[in-house]
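Reviewing the structure listed below.
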Amino acid sequence: MIKTLTCIACPIGCHLEVDVDDNYKVTGNQCKKGEYFGKKELQNPTRTLTSTVIIQGAIYPRLPVKTSDEIPKDKIFEIMNCLNNITLKSPVKVNQVIIENVANTGVNIIATRSM
Amino acid sequence: MREYEAIVIGGGSAGLAASVALHNEGVTDILLLERDQELGGILNQCIHNGFGLKVFKEELTGPEYAERYKDIFVEKNIPYKTNTMVISCDKNRIVEYANKDEGFVKIKGKAIIMTTGCYERNAGAIQLPGDRPSGIITAGTAQKYLNMDGYLVGKKVFILGSGDIGLIMARRMTLEGAEVLGVAEIMPYSGGLNRNIVQCLDDYNIPLYLNHTITSIKGKDHIEQIVLQEVKDFIPIKGTEKTFDVDTLLLSIGLIPEQSLAEKAGIILHSKTKGPMVDESYQTNIDGIFACGNALHVHDLVDFVSTESERAGKAAAQYIKRSDKNVGLSVNTIANKGISYIVPQTIHPKSIEQNLELFLRVDGVYQDMDLVIKSGEKEIKRYKKRHLAPAEMERIIIPKQWLVDINHDLEISLEAMK
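Just so you know, the protein sequences line up as chains A and B, in that order.
Going by our numbering, the first residue of the first sequence is number 918, and it counts up by one from there.
Going by our numbering, the first residue of the second sequence is number 87, and it counts up by one from there.
So, in structure tokens, the structure goes:
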């Protein structure tokens, strides 16, 4: 069975064809990232999640954060819930760990700016 | 009146990159003026990732990308003022600005770089039909409210226009608990990048209605309902009406270079890009005034804003240091079949440094075409392109030696693949 996908590894957005029966062989990709994405998207889809958390005493009331690596797609809303329960105090440095091992994913939530 | 070597108007990604480039070329008497309370521009509210793949070879969020450039800028001790609004700039390169500490100030620049970014088209720009209730807001404004102020503008949302900011906001508002009912796009293709259709709409089962537009808005004080209708050749088809109960309509219907200052200075704007006409050094028709970034033409990748602005900064530095302003013969770039626009609009072949940077957009979605560059009868280069779309800007670098002998306009077109 051939599945068609749009690669999201970069803004080019290659149109991929993945042969599920041939060990998830990927064609249509222009780089190695596309091959990796095609295989993973059909077996264990992951995403980088970006959002904000409350921060006090900074120039804005919200600090932008992200997952330090990709997390399973089905964990997104669970992690959003974790972020809603956080209140930080300024100062925070970019890359500072905000939550360790969020939702048991092995991935941290880190700040994406200093504030 | 204080005279600076260079004045940079706007402290976003373009202004930061241009200033750093000026400084690297030995021009240190710079003043950068920024109206916001901090540097970084629109990147500060673009908390999603996808920035920096070309410049830093890694995937960053907007604030991370901004912070890296801010750090480089601050390390060089380049003078700048925030909370400072530039009121005017004239053809003699006299800039008037105002801020709380100094009041009203007049300064002059040997060179000026306009890096004022762009603004969002709004309801008036598309003559949005129906009532005029509250709850209709541009996607970028909603993005600032949500990502910087922590304020979600609505819970039942429809989005008109499939530009990238609209797609990004569809996901963002869904994550924060809003229900996004759909995205309407009047064209047969999306105005945003493919990857955003996948990871912002498909991931959350948000429908994209191509060839559709909103034909009515209902609501007394606040928006209550929209009517979506299919179109053919931009004309709504009777009987295809669908109604949606909403409390918010986001508009993601395009960006326009911010050029209110440029127009007053007598800078000639291009009909398609809506930004200034420039040459290969990003100089406008006004001597010593340069433009780059989204103030010149709207980019889809900040990485290209940075690289373009570095070139503009470097060219401005050379302009400041050069006594002989003769740049030689000039030819135009002509957007022929399949091409919507080309930046720069004019070229001085003898003045090109090492290579020429060209940006262009195509006028529709194409598969397997040749992008052909000609000057007179001479074919300069033919590039094979598997996929071309208006949402995806093309960047072409042409070595100087291919261009030194040309004396006809540079014409670019799409042809069937050879």
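Ideal Cβ positions, reconstructed from N, Cα and C, are used throughout, including at glycine.
For Asp456 (chain B), the beta-bridge partners assigned by DSSP are B:Lys470, B:Glu501. Going by DSSP, Pro978 (chain A) is part of no beta strand (DSSP E) at all; its letter is neither H nor E. Below the 7 Å Cβ cutoff, chain B contributes Leu139 as neighbours of Cys927 (chain A), in chain order.
Of A:Ile993, A:Ile1016, A:Ile972, the smallest CA-CA separation from Ser1007 (chain A) is found for A:Ile972. Against chain A, the CB of Ile483 (chain B) has no partner CB under 8 Å away; the residue lies outside that interface.
Interface residue (Cβ-Cβ distance to chain B less than 8 Å): Met918 (chain A) is not classified as such. Taking 8 Å as the upper bound for CB-CB distance, Ile342 (chain B) and Lys360 (chain B) are in contact here, some 5 Å apart. Within its own chain, the residues whose Cβ lies closer than 7 Å to the Cβ of Ile372 (chain B), once the five positions on either side in sequence are excluded, are Lys177, Ala351, Gly352, Ile353, listed in chain order.
Counting along the chain, Lys156 (chain B) sits inside the alpha helix (DSSP H) bounded by residues 148-161.
In terms of Cα proximity to Lys242 (chain B), the closest of B:Asp250, B:Glu265, B:Gly226 is B:Glu265. Apart from the 5 residues on each side of it in sequence, Lys400 (chain B) sits with its Cβ closer than 6 Å to the Cβ of Ala107, Glu111 in its chain, given in chain order.
Assignment of Asp319 (chain B) by DSSP, reduced to helix, strand and coil, places it in the coil class. When Cβ pairs closer than 8 Å are counted between the two stretches, the segment 227-241 of chain B is seen not to touch the segment 928-947 of chain A, the count staying below three.
When secondary structure is reduced to three states using DSSP, Ser105 (chain B) falls in the helix class. Per DSSP, Cys927 (chain A) lies in no beta strand (DSSP E) and is assigned neither H nor E. Residue state for Thr227 (chain B) is assigned as helix, using DSSP reduced to three classes. Within the segment 210-239 of chain B, Asn233, Met234, Asp235, Gly236 place their CB atoms closer than 7 Å to a CB of chain A, listed in sequence order. Per DSSP, Ser392 (chain B) lies in no beta strand (DSSP E) segment; the continuous alpha helix (DSSP H) that holds it begins and ends at 388-407. DSSP places Gly252 (chain B) in the uninterrupted alpha helix (DSSP H) bounded by 250-261. At a Cβ-Cβ threshold of 8 Å, Leu118 (chain B) and Gly101 (chain B) count as neighbours. Under the DSSP assignment, Phe994 (chain A) falls in the alpha helix (DSSP H) whose first and last residues are 993-1001.
Within chain A, the residues placing a beta-carbon under 9 Å from that of Asp289 (chain B) are Pro962, Arg964, Lys990, Ile993, ordered along the chain.
Here Met171 (chain B) is bridged, per DSSP, to B:Ala184. Neighbours of Thr923 (chain A) across chain B, judged by C-beta separation under 8 Å: Asn280, Arg281, Ile283, Val284. Of all residues in the segment 936-963 of chain A, none is placed with a Cβ closer than 7 Å to any Cβ belonging to chain B. For Glu394 (chain B), no chain A residue has a Cβ inside 8 Å of its Cβ, as the nearest lies near 16 Å away.
Contacts between Asn135 (chain B) and chain A, judged by CB atoms closer than 7 Å, involve Thr965, Thr967, Lys983 in chain order.
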